[in-house]
Structure formats: structure tokens, C-alpha cells
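For reference, the structure discussed in these notes is given below.
In my numbering, the protein residues as written are 56 to 335.
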């Protein structure tokens, strides 16, 4: 990309995003790493040679203009693209420590989705009870004992910071919850199978500010237990919740670094232009 090698002499003058001072944040060892990852929708070459490490028990945010490949990249991690016809991967996403290539055709996508949980843009609870929403993945994994199910469901609801709000409503339909509650229920459902990585695809774009704040606080707490990769169109949100930020453009990874450095002193002109609102 032309101009990407330009290094600004100072931080972008028009940046007004408050970023917690995390310049000295150090990356943990990678939980997963994309290596030469390419992806096609039919003839559309959507991802082009992505190399990106996802540090364990830290939050990595993906930012960039609409159509740049953020969600496409995210969904490679749990093989969601396999549900669409005429899609193709090339390259690797290696899951540590057992060095499994998540996009290998020899790897069962169902097992991948058990290990890599996902929370979508809009809350999507099943038309079941609150309890059965969270128990769904556990039942798929063979958990049948009612006591074990109850303990694991409660643990997931507590981890998603919604137990106190639903503990007396476990037999009610999940569709009766508020939007923010439904999203936290979906997080609990994803957490129930103890995923190694949790993917968030614009998780608060359909929520009000109060519900958004609860989800962001929850993400900050969950990094202690699970590795998180989040796509967000909201740069303020990326600045608040992430340890590292990766900027993508036209299917390519332009720049990645500690969040505070990306937002205050990016190394590539394209990143600066996006953050300062010159495009996107």
C-alpha cells in the first residue's frame, strides 16, 4: 500500500480517543497465530497473506473500514465460512500449544467451534429457556447429569455477569430478556464449553450505552480466563477494551501493536489516516 511506510514524527493531532496508558504492555505467548492466511469467497480474494499472533489471555481488537476483512478474518478462527458454498482457505491458523491448524480440511469444524466460541453482532439466543440455552453446548459434549449441568450452567452465567438477573428465571424463555441480557446470555452460552478463544463480532452495536458498558466491563474481566479477539467499528471501544489493536484495509493487515501506540503514534500513514477520520 503506497505511503504505508511513512512514520509520523508525532501522534495524529486530531485524535481525541482517550486511551489507557498501555504503551509498555507486553504480549503474552500466542494462543493462536495466522500464518500466510488467504481466504476466498468464490473468486473474491478477501484475505491476503495475513500474519497475526493472538496473545493468550489478552484482548486483540480488529479495526478498519467496512469491507476490509475484519469479520472475514474473525470467522476463519471457528470455520464459520464452511457453512457457505464456494469458500476456500490457504495458509494456517495454528492453535497453541498443540499446534492444530484450525483451517486444515482434516480438522473437524464442529470440534473447532467447541474450542473457539463466538458472540455475534446481534443477540441470537435460541428459542429455548435460559437454562437450555447455556446447556446446549454442554449436552452436545455429552454432559447429561442434571447436577453437573446445573453447576456448569450456573458457572457460565456467573462468568457472564448475569446470574443474579436470571437465577429465578432459568425456566423462562430467553427471548423474554432485554437486549443486553440476551447478549450476556449468549456470552454465557459460549463460555459454557470452556473455549480457549472467544470471538466477538461487533458485540455491542445493537445495544444501548448502559448495556454496552456492561459488555465492555465483562470483556475486560474475561481476559483472565480466555483469549479474546474482537471486531469493532467503534475505535473508542477498541481503545477501552483491548491490549493490542490490528488495523486492516482491503483484505490486508496494515499494522498491529499495543493499543495505546496504534492510537497515539501509529507507524503507518494509512493507520493514521483511518484513526484521524480521513477515510473509512
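Ideal Cβ positions, reconstructed from N, Cα and C, are used throughout, including at glycine.
- Cβ-Cβ distances below 8 Å link residue 84 to 110, 111, 151 in the same chain, with the five nearest sequence neighbours on each side left out; the list follows chain order.
- With contacts defined by Cβ atoms closer than 7 Å, residue 128 and residue 171 do not form a contacting pair.
- In this structure, the straight-line span from the alpha carbon of residue 198 to that of residue 204 is close to 7 Å.
- Boundaries for residue 286: no alpha helix (DSSP H) harbours it, while the beta strand (DSSP E) harbouring it runs 282-286, taken from the DSSP string.
- Counting only runs of 4+ residues, the alpha helix (DSSP H) found wholly inside the stretch 245-325 occupies 264-277, 290-296, 314-319, in chain order.
- Contact annotation: residue 80 and residue 298 have beta-carbon atoms nearer than 7 Å.
- Cβ atoms of residue 215 and residue 273 come within 8 Å of each other, at about 7 Å.
- Within the same chain, Cβ atoms closer than 6 Å to the Cβ of residue 91 are found at 104, 146, the five residues on either side in sequence being excluded.
- Contact between residue 142 and residue 284 does not hold, since the beta-carbon distance rounds to 20 Å and is not under 8 Å.
- In the DSSP assignment, the residues bridged to residue 96 are 99, 142.
- Listed in chain order, the non-local C-beta contacts of residue 188 below 7 Å within the same chain comprise 180, 181, 229, 240, 244, local neighbours out to five positions each way being set aside.
- A residue is called buried once 16 or more other Cβ atoms fall within 10 Å of its Cβ, and residue 310 is buried on that count.
- Sequence-distant Cβ neighbours of residue 119 in its own chain, meaning closer than 6 Å and more than five residues away, are 125, 302, 303, 304.
- Fully contained in the stretch 158-229 are the following alpha helix (DSSP H) runs of length 4 or more, in chain order: 164-170, 185-195, 201-214, 218-221.
- Boundaries of the alpha helix (DSSP H) around residue 129: 125-131.
- In this structure residue 220 is in contact with residue 236, their Cβ atoms being roughly 6 Å apart against a cut-off of 8 Å.
- If you draw a straight line from the Cα of residue 121 to the Cα of residue 200, it comes to about 45 Å.
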